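Participant: In full-length UniProt numbering, the protein residues as written are 1 to 338.
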Amino acid sequence: MSKQEKDFSDLSQKLLTTTDGSEYHELVRKIVKKYGEKMRQETLQTLVRAVKESKITHARNFVIARISELVTENDTVLAPFFYEMISKGLPYWAFSGLLKVEGDKCYPFLVDYLQKEDSKENKGSAIIALAEHSGQPFNNDLPSDPAYWQALPMEKVLEWQAQGYPRKQAHSEYPFLITHSQTDLEKAMAKIEQALAKERAFWHVKSYQYNRAILEVPEKQVIDNIKTRWELPAVYLTFLERFSPASDAFLKGINLYGANTLIKHQCGYAFSSPNDELFPDWKAHWLVIADKDADPYILDLSKSDGNDAPIYKAPHGADEWKWRKVAGSFLEFLEKLS
């Protein structure tokens, strides 16, 4: 057994046997960071075992989300796992993974699921995943968080089913393009838009998911939800309101979060889920705005001057958060990414 294999084995064993919730989250992040690429299949197997065997049952959704992020269309062997999670009441993060490995073959199953009893949040997650995969605008006029939907757009879904589950190609025009930048923020975002345009061109925008490499104005409800949680400096709030990545923007190895994913991405750092209490070692004024290989970048709201705030980075998996300043302001951080 090589040194790498032994380290992976030791981490996996700790993950499967620990009864400490904080350690469990850290082990998941560490395994994904160190071995998610170079030992991807082994990592997936360990994470699946953790979901099924670990006594830390309250964190299963967190692990399922990591599995869904890691799988590709070639991991069809994991389709039964995702079907099982959906049937056992752990569907929220399983839908996207199932669609990755099964593709349009699982459309009938998911539409059938939507007509059964389950929470609005779970069904909404399924509809969002279907919209992302198929390119259908099921949720275009709805908040990004299904908890705020007044009703599920089932008429649109059933009409799509009656039409034979057609898939739409990505749009060739983008909803937001900076053409006349004046402020420093606009100038920085213009450069970032150019970088995203190159990504779209590289992939020829054949997939709806790649078409999410765009800047957009998010729904008002999305911004309102964020503002109820944090008092944000003006520059960062303007970024979210006017120039938000539709999903995460991958720039120079860093995942920059948009408004639609900001609250979700606090999970695993600040809390297990948005409705939970903060972890004991996490401060309320630390807002995770980006990550690199799961190492978080935070906006330190306690040092905000009302207009901007400094950015810090720390390695995850350590006994404590050891923050290092990487930018004196969010604007400076954007300029480094552009």
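Yeah, the Cβ is synthetic: ideal placement off N, Cα and C, and Gly gets one too.
Values in this document were obtained by computation on a predicted structure and should not be read as measured data.
Helix, strand or coil: which one does DSSP assign to Val63?
Facilitator: What you label residue 63 is simply residue 63 of the sequence shown in a count that begins at 1. Here Val63 sits in helix by DSSP.
Participant: Would Ala290 pass as a contact of Ile263 if the rule is Cβ separation under 8 Å?
Facilitator: On the sequence shown, residue 290 is found 290 positions in, with the first residue counted as 1. On the sequence shown, residue 263 is found 263 positions in, with the first residue counted as 1. Cβ distance not < 8 Å, so Ala290 and Ile263 don't count as in contact.
Participant: Are the beta-carbon atoms of Ala246 and Glu219 separated by less than 8 Å?
Facilitator: As a position in the sequence shown, residue 246 is number 246, starting the count at 1. As a position in the sequence shown, residue 219 is number 219, starting the count at 1. Not a contact, by the Cβ cut-off of 8 Å.
Participant: Give the DSSP-derived three-state secondary structure of Val326 in the structure shown.
Facilitator: For the purposes of this step, residue 326 is identified with residue 326 of the sequence shown, where counting begins at 1. Val326 falls in the strand class under three-state DSSP.
Participant: Verify whether the separation of the beta carbon atoms of residue 346 and Asp75 is less than 8 Å.
Facilitator: The question about residue 346 has no answer, for the chain in this structure spans 1 to 338.
Participant: Between which two residues does the alpha helix (DSSP H) holding Ala249 run?
Facilitator: The residue you call residue 249 lines up with position 249 of the sequence shown. Note, Ala249: premise wrong, no alpha helix (DSSP H); beta strand (DSSP E) at Ala249 to Leu251.
Participant: Confirm, please, whether the CB-CB distance from Lys30 to Leu11 is below 8 Å.
Facilitator: Here the question's residue 11 lines up with position 11 in the sequence shown. Here the question's residue 30 lines up with position 30 in the sequence shown. In this structure, Lys30 lies closer than 8 Å to Leu11 by Cβ.
Participant: In terms of alpha-carbon separation, which member of Arg60, Leu251, Ile311 and Ile86 lies closest to Tyr236?
Facilitator: Counting from one through the sequence shown, the residue named residue 236 turns up at place 236. Selected option, being the one with the closest Cα: Ile311.
Participant: With DSSP collapsed to three states, give me the class of Lys52.
Facilitator: Mapped onto the sequence shown, residue 52 falls at position 52. It is helical.
Participant: Assuming Ser272 contacts Phe62 (C-beta within less than 8 Å), just tell me the rounded distance between them.
Facilitator: Numbered from 1 along the sequence shown, position 272 holds the residue referred to as residue 272. Numbered from 1 along the sequence shown, position 62 holds the residue referred to as residue 62. Correct: roughly 6 Å between the Cβ atoms.
Participant: Go to Pro80, then tell me how far its alpha helix (DSSP H) extends in each direction, as first and last residue.
Facilitator: Along the sequence shown, one-based indexing puts residue 80 at 80. Where Pro80 is concerned, the enclosing alpha helix (DSSP H) stretches over Ala79 to Ser87.
Participant: Using 8 Å as the Cβ pair cut-off and three pairs as the minimum, do the region 99-118 and the region 137-145 touch?
Facilitator: These segments do not touch.
Participant: Give the secondary structure of Phe271 by DSSP, where H, G and I count as helix, E and B as strand, and everything else as coil.
Facilitator: Here residue 271 refers to the residue found at position 271 of the sequence shown. Strand.
Participant: If we ignore side chains and look at the alpha-carbon of each, how far apart do Pro80 and Asp184 end up?
Facilitator: Here residue 80 refers to the residue found at position 80 when the sequence shown is read from its first residue. Here residue 184 refers to the residue found at position 184 when the sequence shown is read from its first residue. Taking the straight line from one Cα to the other gives about 50 Å.
Participant: May I ask which residues mark the beginning and end of the beta strand (DSSP E) holding Ala309?
Facilitator: Translated into the one-based positions of the sequence shown, residue 309 becomes position 309. Run containing Ala309: none; DSSP gives neither H nor E here.
Participant: For Asp293, which residues in the same chain have their Cβ closer than 7 Å to its Cβ, ignoring the five residues on either side in sequence?
Facilitator: Within the sequence shown, residue 293 is the residue found at index 293, counting from 1. Cβ within range, chain order: Lys33.
Participant: Comparing C-alpha positions only, which one of Ala151, Ser2, Tyr113 and Ser54 sits nearest to Thr18?
Facilitator: Locating residue 18 in the sequence shown gives position 18, counting from the first residue. Selected option, being the one with the closest Cα: Ser54.
Participant: DSSP on Asn225, reduced to helix/strand/coil?
Facilitator: Reading the sequence shown from its first residue, position 225 is the one you call residue 225. Helix.
Participant: For a test of the three-state rule: what should DSSP assign to Trp230, helix, strand or coil?
Facilitator: The sequence position of residue 230 within the sequence shown is 230, counting from 1. It is coil, neither helix nor strand.
Participant: Taking the CB atoms as reference points, tell me whether Ile295 and His265 lie closer together than 8 Å.
Facilitator: Taking the first residue of the sequence shown as position 1, residue 295 is located at position 295. Taking the first residue of the sequence shown as position 1, residue 265 is located at position 265. Going by the sequence as given, residue 295 is Asp instead of Ile. No.
Participant: For the region 221-229 against the region 145-154, do three or more pairs of beta-carbon atoms, one drawn from each stretch, fall closer than 8 Å, so that the two count as touching?
Facilitator: Result yes; three or more Cβ-Cβ pairs closer than 8 Å.
Participant: For Val28, which beta-bridge partners are listed by DSSP?
Facilitator: Position 28 of the sequence shown, counted from the start, is the residue given in the question as residue 28. DSSP lists no partner for Val28.
Participant: Could you check if Glu193 is buried or exposed, using at least 16 other CB atoms within 10 Å of its CB as the buried criterion?
Facilitator: As a first step, residue 193 must be located in the sequence shown, where it is residue number 193. By the neighbour-count rule (16 or more Cβ atoms within 10 Å), Glu193 is buried.
Participant: Could you check the C-alpha separation between residue 382 and Ala50 for me, to the nearest Å?
Facilitator: Outside the shown range of the chain (1 to 338) lies residue 382, about which nothing can therefore be said.
Participant: Does any residue of chain B have a CB that is nearer than 8 Å to the CB of Asp281?
Facilitator: Here there is only one protein chain, and chain B is not present.
Participant: Grab the span of the beta strand (DSSP E) containing Asn122 for me, first residue to last.
Facilitator: Here residue 122 is taken as the residue at index 122 of the sequence shown, counted from 1. Premise fails: Asn122 lies in the alpha helix (DSSP H), Lys120 to Ser134, not in any beta strand (DSSP E).
Participant: What would DSSP say about Gln182, mapped onto helix, strand or coil?
Facilitator: Sequence index remark: in the sequence shown, residue 182 carries index 182 (1-based). Of the three classes helix, strand and coil, the one that applies to Gln182 here is coil, per DSSP.
Participant: Hey, how far is the Cα of Ile56 from the Cα of Tyr24?
Facilitator: Here residue 56 refers to the residue found at position 56 when the sequence shown is read from its first residue. Here residue 24 refers to the residue found at position 24 when the sequence shown is read from its first residue. So the two alpha carbons sit approximately 8 Å from each other.
Participant: Residues in the same chain with beta-carbon distance under 6 Å from Gly21, minus the five sequence neighbours each way, listed in chain order, please.
Facilitator: As a first step, residue 21 must be located in the sequence shown, where it is residue number 21. The residues are Ile56.
Participant: Can you tell me which of the three DSSP states Val288 falls into?
Facilitator: Along the sequence shown, read from residue 1 onward, the residue named residue 288 stands at position 288. Val288 falls in the strand class under three-state DSSP.
Participant: With burial defined as no fewer than 16 other Cβ atoms inside 10 Å of the residue's Cβ, what is the status of Asp308: buried or exposed?
Facilitator: For the purposes of this step, residue 308 is taken as residue 308 along the sequence shown, with counting starting at 1. Buried.
Participant: For Tyr83 and Leu98, I'd like the C-alpha separation in whole angstroms.
Facilitator: Taking the first residue of the sequence shown as position 1, residue 83 is located at position 83. Taking the first residue of the sequence shown as position 1, residue 98 is located at position 98. Each residue's Cα considered, the two are about 7 Å apart.
Participant: Alpha carbon to alpha carbon, how far is Ala190 from Ala131? Give it in angstroms, no decimals.
Facilitator: Locating residue 131 in the sequence shown gives position 131, counting from the first residue. Locating residue 190 in the sequence shown gives position 190, counting from the first residue. In a straight line, the C-alpha of Ala131 is about 28 Å away from that of Ala190.
Participant: Which same chain residues, not among the five before or five after Ile226, have their C-beta less than 8 Å away from its C-beta?
Facilitator: Counting from 1 along the sequence shown, the entry for residue 226 is found at position 226. Answer for Ile226: Leu232, Leu240, Ala259, Leu262 and Ile263, listed in chain order.
Participant: What does the alpha-carbon distance come out to for the pair Leu299 and Lys336?
Facilitator: On the sequence shown, residue 299 is found 299 positions in, with the first residue counted as 1. On the sequence shown, residue 336 is found 336 positions in, with the first residue counted as 1. The alpha-carbon atoms of Leu299 and Lys336 are separated by roughly 15 Å.
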